[in-house]
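Each residue of the sequence shown is one higher than the one before, counting from 1 in the UniProt record's numbering.
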Amino acid sequence: MNITCVLDDHNHTVTCGGVTYAVKEETLTYKDEFFWIYLGIYVGLVLFAGLMSGLTMGLLSLDLMTLKIIRDGGTPTEQRRAKTILPLIERHHLLLVTLLLANAGAVEAMPLFLDKISNPIVAVLVSVTAVLIFGEVVPQAVCTRFGLAIGATLSPFVYILIALFFIIAWPLSKVLDCVLGKEHGTFFRRAQLKVLVDLHGASASNLRADSENVHDDDEGPLCVDEVLIIKGALDMKNKTVKDAMLPLDDVYMVNIDDKLDKEKMEELISRSHSRIPVYQGHKSNIVGLLLVKTLITLDPDDAASVRNIIHTYAVPSLLYVRDDTPLFDLLNQFQTGKSHLAFVKNHAECQEVKNSTVNSEDSDVECLLSYQDYSEEIIGIITLEDVIEELIQEEIIDETDVYVDVHKRIQVARARKARMEHRVSGR
Numbered sequence: 001m002n003i004t005c006v007l008d009d010h011n012h013t014v015t016c017g018g019v020t021y022a023v024k025e026e027t028l029t030y031k032d033e034f035f036w037i038y039l040g041i042y043v044g045l046v047l048f049a050g051l052m053s054g055l056t057m058g059l060l061s062l063d064l065m066t067l068k069i070i071r072d073g074g075t076p077t078e079q080r081r082a083k084t085i086l087p088l089i090e091r092h093h094l095l096l097v098t099l100l101l102a103n104a105g106a107v108e109a110m111p112l113f114l115d116k117i118s119n120p121i122v123a124v125l126v127s128v129t130a131v132l133i134f135g136e137v138v139p140q141a142v143c144t145r146f147g148l149a150i151g152a153t154l155s156p157f158v159y160i161l162i163a164l165f166f167i168i169a170w171p172l173s174k175v176l177d178c179v180l181g182k183e184h185g186t187f188f189r190r191a192q193l194k195v196l197v198d199l200h201g202a203s204a205s206n207l208r209a210d211s212e213n214v215h216d217d218d219e220g221p222l223c224v225d226e227v228l229i230i231k232g233a234l235d236m237k238n239k240t241v242k243d244a245m246l247p248l249d250d251v252y253m254v255n256i257d258d259k260l261d262k263e264k265m266e267e268l269i270s271r272s273h274s275r276i277p278v279y280q281g282h283k284s285n286i287v288g289l290l291l292v293k294t295l296i297t298l299d300p301d302d303a304a305s306v307r308n309i310i311h312t313y314a315v316p317s318l319l320y321v322r323d324d325t326p327l328f329d330l331l332n333q334f335q336t337g338k339s340h341l342a343f344v345k346n347h348a349e350c351q352e353v354k355n356s357t358v359n360s361e362d363s364d365v366e367c368l369l370s371y372q373d374y375s376e377e378i379i380g381i382i383t384l385e386d387v388i389e390e391l392i393q394e395e396i397i398d399e400t401d402v403y404v405d406v407h408k409r410i411q412v413a414r415a416r417k418a419r420m421e422h423r424v425s426g427r
């Protein structure tokens, strides 16, 4: 019985008596020309897969907010690199899908070429080792460490990949955008920002320099004063006038009927205040401010009354604020230049009205913040210095201060000593 068999070299099959059999391909050896071609293709696929894996980790680990910070505040080189890759990171999901598709294609194609030059057992061992070391560990470690530089250098290549896989990657990225939302970067709450500032500050063991010893280089940690001011600005959001005001009982004032004789003028000068509140009847009834500089023009022997002085000379009109007014709002009011001192009332509605009685170029205030409900008594005063102290988180001590904190009654001498000891030992 004769059986005719037909060999199909193209499909690697043999047909015998109408039955088709597959012909097992022989494994290529290093002596074969195609062995080196397939090996080169396999090595190229491993390196390409590693590059895709590294770019995925390196680029997608860059936070959008961090990139914007680097773009605006980094070194010239960092700014250039951040500007280059920022458009890629803004298309977060399109970049992700493109790199994953390219990586998956390379990984899936590896066995097709490795099986032709090695037996299955060797192929598995080589493939796992090569992919793990050269396709995952090394590329991701390098790209994570130098993600900004590598991403900026290879950004043209990434744009080419996006164009090649666009027809598949774009629809998938849009689905991810709809389901997960677009990437907006990391935003920190105030409490988190305060911790972040602390972490960027100098360690306690390094805080042995005086407060004036500020770091000159931008690479060093934040000094004590920088940390305090930044945290103070964050804390001021929740602080009101009541937290920083001087209670009325501790305010030095003069009666409107007082006589400015020699004894009284010496008393006023010894206080070293530039403005002194004037009351009538009871201390909560403030009727004006006495500018101490006007005493220069007075003769103590004349014993002029305070009433005549505040009506004769340019006396600033009064600024009233509620005790629940945010300190930032008061600071903005002080910045207008109308006044650096305000009287605090308890939960009263105020409106700005024109002061028709006081109008002078020397006056610090052109308008009057008045209250509709005058039954509310004044409970204290607050100055620009008080607001600044809350901002810098330290007391501003001048040569005439008796107390640096009226709430805690900390005296100047003791406060200065404690402050110096605190700086030497570290905050």
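For glycine and all other residues, C-beta sits at the position ideal for the given N, C-alpha and C. Nothing here was measured: the structure is a model prediction, and the numbers come from that model.
Could you check whether the region 334 to 345 touches the region 382 to 392, counting it as contact only if at least three pairs of C-beta atoms, one from each stretch, sit closer than 8 Å? yes
Among V321, N238, L291, which one has its Cα closest to the Cα of R307? L291
Tell me which residue opens and which closes the beta strand (DSSP E) that S284 is part of. 282 to 291
State the DSSP-derived secondary structure class of G380, mapped to helix, strand or coil. strand
Assuming I310 and K345 make a contact with CB atoms under 8 Å, what is their CB distance in whole Å? In fact, because the Cβ distance is near 20 Å, the residues do not count as touching under 8 Å.
Contact between the region 120 to 140 and the region 74 to 82 is defined here as three or more beta-carbon pairs at a separation below 8 Å; is this criterion met? no
Determine whether the Cβ of L298 lies closer than 8 Å to any Cβ atom of chain B. The structure shown contains no chain B; it holds only a single protein chain.
Answer yes or no: do I276 and L295 have a C-beta to C-beta separation smaller than 8 Å? no
Along the alpha helix (DSSP H) that carries Y38, what are the first and last residues, could you check? 33 to 60
Outcome for Y159 when other beta-carbon atoms lying within 10 angstroms are tallied against a minimum of 16: exposed
Using CA coordinates, which residue listed in S284, I269, V278, L112 is at the minimum distance from D249? S284
Specify whether the region 256 to 274 and the region 316 to 323 touch according to this definition: at least 3 beta carbon pairs, one from each stretch, less than 8 Å apart. no
Under DSSP, the beta strand (DSSP E) around I322 begins and ends at which residues? The sequence given here places Arg at residue 322; Ile does not occur at that position. Residues 320 to 322.
Three-way DSSP call (helix, strand, coil) for K259 in this model: strand
Whole angstroms is fine: what's the gap from L112's alpha carbon to T84's? 37 Å
Does the distance from the CB of L196 to the CB of I392 come in under 8 Å? no
Pull up the distance between the alpha-carbon of L186 and that of T66, whole angstroms please. Note on identity: in this sequence residue 186 is Thr, with Leu being the wrong assignment. So the alpha carbons of these two residues sit roughly 8 Å apart.
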